[in-house]
Each structure stands twice: as C-alpha cells, then as structure tokens.
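Please read the structure below before turning to the comments.
Numbering (my numbering), first residue to last: 386 to 564.
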C-alpha cells in the first residue's frame with residue numbers, strides 16, 4: 386500500500402508543475418522570432434552579347450524558396466533556392482555577336498545562394514519593439530551557385546548583391562522587393 390504522504394507530495398509536485406507550465410507563458414513577454422521562411426516570385430532577364438542595352442528584355446518568370454535568419458533588428462543571413470529562365474537572340478542584329486554570327490538561346494536555370502543583409506533601420510513591429518520600423522530598406526551581398534543545361538550541365542559561381550525594401554504587413558507576414 387503506497388504511503389498517503391508520498392501520494393499527496395507527488396500530487397502536489399504535479400499540480401505545481403502544471404501551474405508553472407500554464408502560468409509561465411502568461412508572465413513572459415513575447416519573444417522575437419529569428420527565422421523566416423517564404424516564397425519568392427519575380428522575373429529574370431539576360432544581359433550580355435545577345436542583349437547589351439535593354440536590361441528588362443525577354444523577362445521570364447522566376448520562383449523560389451527563401452529562408453532568413455535574423456541576427457539582429459537590422460542584420461540577417463538569407464538563403465534562397467530559385468528557378469527561372471533567360472533568353473537572348475542576335476538574329477537580325479549583324480553587329481551584336483562575333484563576326485556577325487547569329488546566336489539564339491532559351492535556358493532554364495537553378496540558383497542557390499546565401500547573402501548578408503544590412504538594413505538601414507531596426508526592423509520589426511513598432512508597437513512591440515521600441516524604435517522599430519515596419520518598413521526597412523536594405524543592401525545585400527553574398528555567394529551563390531547557378532546551374533543550367535546547354536550541351537551539358539554546367540555550374541558557375543556568382544556573387545549576388547542588391548538593394549531592397551521589406552515591410553511588415555502583419556506581425557508575422559513580411560513582403561519585400563529586391564533588385
């Protein structure tokens with residue numbers, strides 16, 4: 386037969402543990418989240434020998450996944466994986482390519498990269514975080530790798546850099562635009 390005092394002590398400990406687990410969150414101030422996951426959508430285009438003057442010619446859709454780890458209110462590490470397309474043509478433009486040779490291509494690519502973002506303001510929900518802005522312009526730079534198929538599969542390194550702006554639409558929903 387179990388000792389009544391031991392049973393009571395065990396129940397008291399369980400009750401205290403349950404009360405602490407339920408009351409602890411009520412006494413805690415909400416914690417800032419560090420990880421963001423999301424979707425990317427946009428357009429890609431080509432500039433090179435087959436298009437040397439029109440930056441937004443032959444745009445093709447680009448889609449991907451984004452992960453961001455917020456180091457502080459104005460610094461973050463961002464990783465992305467995306468797929469898009471590019472195309473170009475020198476047909477009808479005799480001086481565009483070497484010896485007047487005609488070139489035409491349409492390629493799909495996959496790109497993966499990691500970038501460091503530096504925001505110009507402390508980014509966050511203003512009512513939650515003192516001094517925070519719900520809109521934040523930023524600059525970014527990093528490293529990446531791009532793969533595409535031509536006569537064979539090719540990989541090349543890249544150095545992504547850009548400027549962008551992100552905004553909090555709701556406390557856990559952000560939208561952004563980047564160039």
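No residue lacks a Cβ here, since even glycine has one placed at the ideal position from N, Cα and C.
Cβ-Cβ distance between residue i and residue j below 8 Å
i: residue 553; j: residue 510; result: yes
i: residue 443; j: residue 468; result: no
i: residue 505; j: residue 521; result: yes
i: residue 447; j: residue 474; result: no
i: residue 534; j: residue 518; result: no
Presumed contact (8 Å Cβ cut-off) between residue i and residue j, rounded CB distance
i: residue 503; j: residue 435; result: In fact, because the Cβ distance is near 34 Å, the residues do not count as touching under 8 Å.
i: residue 529; j: residue 495; result: In fact, because the Cβ distance is near 11 Å, the residues do not count as touching under 8 Å.
i: residue 545; j: residue 498; result: 5 Å
i: residue 491; j: residue 470; result: 7 Å
i: residue 451; j: residue 423; result: 5 Å
i: residue 549; j: residue 561; result: 6 Å
Continuous beta strand (DSSP E) stretch holding residue i: start and end
i: residue 491; result: 489-504
i: residue 466; result: 460-474
i: residue 554; result: 546-555
i: residue 520; result: 520-534
i: residue 419; result: Residue 419 -> no beta strand (DSSP E), and no H or E assigned at all.
i: residue 542; result: 538-543
Helix, strand or coil at residue i according to DSSP, with G and I counted as helix
i: residue 395; result: helix
i: residue 441; result: coil
i: residue 561; result: strand
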